[in-house]
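Participant:
There are 2 protein chains.
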Amino acid sequence: MPNSSPPMPTPAELELLRVLWERGPSTVREVQTAVGADTTGYTTILKQLQLMLEKGLVSRDESQRAHVYEARVDASITQRQLVDDLVERAFGGATDKLVLRALSSERVTADELRAIRDLLDALDDED
Amino acid sequence: MPNSSPPMPTPAELELLRVLWERGPSTVREVQTAVGADTTGYTTILKQLQLMLEKGLVSRDESQRAHVYEARVDASITQRQLVDDLVERAFGGATDKLVLRALSSERVTADELRAIRDLLDALDDED
DNA sequence: ACAAACATACGAAAAGTTTCGTATGTGCAA
DNA sequence: TTGCACATACGAAACTTTTCGTATGTTTGT
Numbered sequence: 001m002p003n004s005s006p007p008m009p010t011p012a013e014l015e016l017l018r019v020l021w022e023r024g025p026s027t028v029r030e031v032q033t034a035v036g037a038d039t040t041g042y043t044t045i046l047k048q049l050q051l052m053l054e055k056g057l058v059s060r061d062e063s064q065r066a067h068v069y070e071a072r073v074d075a076s077i078t079q080r081q082l083v084d085d086l087v088e089r090a091f092g093g094a095t096d097k098l099v100l101r102a103l104s105s106e107r108v109t110a111d112e113l114r115a116i117r118d119l120l121d122a123l124d125d126e127d
Numbered sequence: 128m129p130n131s132s133p134p135m136p137t138p139a140e141l142e143l144l145r146v147l148w149e150r151g152p153s154t155v156r157e158v159q160t161a162v163g164a165d166t167t168g169y170t171t172i173l174k175q176l177q178l179m180l181e182k183g184l185v186s187r188d189e190s191q192r193a194h195v196y197e198a199r200v201d202a203s204i205t206q207r208q209l210v211d212d213l214v215e216r217a218f219g220g221a222t223d224k225l226v227l228r229a230l231s232s233e234r235v236t237a238d239e240l241r242a243i244r245d246l247l248d249a250l251d252d253e254d
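Residue numbers (my numbering), protein chains in the order written: chain R, 1 to 127; chain D, 128 to 254.
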């Protein structure tokens, strides 16, 4: 009886999820290599993934000696969860405030702005 | 010698900052009332504000018996700091991805979309 | 067969965050 | 003046998150 939907990932967990999203199913060793083998010990990654397994954030295939871990939560859903959380905590629920803040921050390229405008247009057409 | 710029606020600290941003300079009691006197003990708020003082997130006026705390960091700067942090951790630095994710989330009203479009136009005119 | 390399499990230290209890001081009203 | 309401200071408990050490088992190359 899986209790409910998995909890929001912690920062360290998010980093590992991002590896799994990008690489697909991976062994502990592969994940460690991806995050930089010198920055974090092997057993640290292992333990982290084991915790994530308990939380339902990942699943694993134990058919091989080196277990293969796979993300159990969507990138899109998790990202929205994180964004919504920040919107709530920092902007009192006003999504547009967050967007405005993000856009007025530097390092948004012209291409990115165009992508956003396209989405706005698409949203308009929906109604 | 203030070391450098204040660190990013933790979630609990952010909640208190939001009260100070909205109310302006406030006593511990006032802050506690604002966050809901029943949810968090008085000394908890007090201690939190004392820690925030050490971190440079707030300043205080001790001329009265009940010290008056004031935010030392801008809402806009702090919010951008938090957004940038999330962009980095969850979207690999791609600000537009975060924006797209935020916008495709429900609960963005037509008014909010208009505000965003206006900003896009303003950004265009800048160059 | 045996040592070296590599894998998991798991307890627990280390570090960070949040909450509160207790000691203590000060102003004020009966 | 005496006691009550209310304030700060501060240590430390309670949690959460992150990191690692150690025990132990399995595979592989010589």
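Just so you know, even glycine gets a beta-carbon here, dropped at the ideal spot from N, CA and C.
All values derive from a computational prediction rather than experimental measurement.
Between residue 108/R and chain D, is the shortest Cβ-Cβ distance under 7 Å, so that the two count as touching?
Facilitator: yes
Participant: What whole-angstrom Cβ distance do residue 83/R and residue 225/D have, given they're in contact under 8 Å?
Facilitator: 6 Å
Participant: Within its chain, find whatever has a CB closer than 7 Å to the CB of residue 55/R; leave out the 5 residues flanking it on each side and keep chain order.
Facilitator: 6 and 7
Participant: Taking the beta carbon of residue 138/D as the centre, do at least 16 other beta carbons fall within 10 Å, making it buried, or is it exposed?
Facilitator: With fewer than 16 Cβ atoms within 10 Å of its Cβ, residue 138/D is classed as exposed.
Participant: Using a beta-carbon distance cut-off of less than 7 Å, what residues from the stretch 153-175 of chain D approach chain R?
Facilitator: So the list is empty, because no residue satisfies the distance condition.
Participant: Report the start-end ranges of each beta strand (DSSP E) in the stretch 65-99 of chain R that is 3 residues or longer and not cut off at the edges.
Facilitator: Counting only runs of 3 or more, we get 68-71.
Participant: What number of angstroms, rounded off, separates the C-alpha of residue 198/D from the C-alpha of residue 149/D?
Facilitator: 10 Å
Participant: From the DSSP output, read off the bridge partner residues of residue 58/R.
Facilitator: 71/R
Participant: May I ask you to verify whether the stretch 24-33 of chain R touches the stretch 61-78 of chain R, counting CB pairs closer than 8 Å and requiring at least 3?
Facilitator: At 8 Å Cβ cutoff, the stretches touch.
Participant: With burial defined as no fewer than 16 other Cβ atoms inside 10 Å of the residue's Cβ, what is the status of residue 153/D: buried or exposed?
Facilitator: Classification of residue 153/D: buried, given that the 10 Å Cβ count is 16 or more.
Participant: Classify residue 191/D as buried or exposed, calling it buried when 16 or more other Cβ atoms lie within 10 Å of its own Cβ.
Facilitator: exposed
Participant: Is the beta carbon of residue 52/R less than 7 Å from the beta carbon of residue 106/R?
Facilitator: no
Participant: Just checking: is the beta-carbon of residue 232/D within a distance shorter than 7 Å of some beta-carbon in chain R?
Facilitator: Closer than 7 Å: yes.
Participant: Chain R beta carbons: is any one of them nearer than 7 Å to that of residue 206/D?
Facilitator: yes
Participant: Alpha carbons only, please: which of 109/R, 117/R, 59/R and 91/R is nearest the one belonging to residue 24/R?
Facilitator: 59/R
Participant: Can you give the Cα-Cα distance for residue 120/R and residue 170/D, rounded to whole angstroms?
Facilitator: 47 Å
Participant: In this structure, does DSSP put residue 153/D in helix, strand or coil?
Facilitator: strand
Participant: Here's a check: name, in chain order, each residue in its chain whose Cβ is nearer than 7 Å to the Cβ of residue 136/D, leaving out the five neighbours to either side.
Facilitator: 144, 184 and 205
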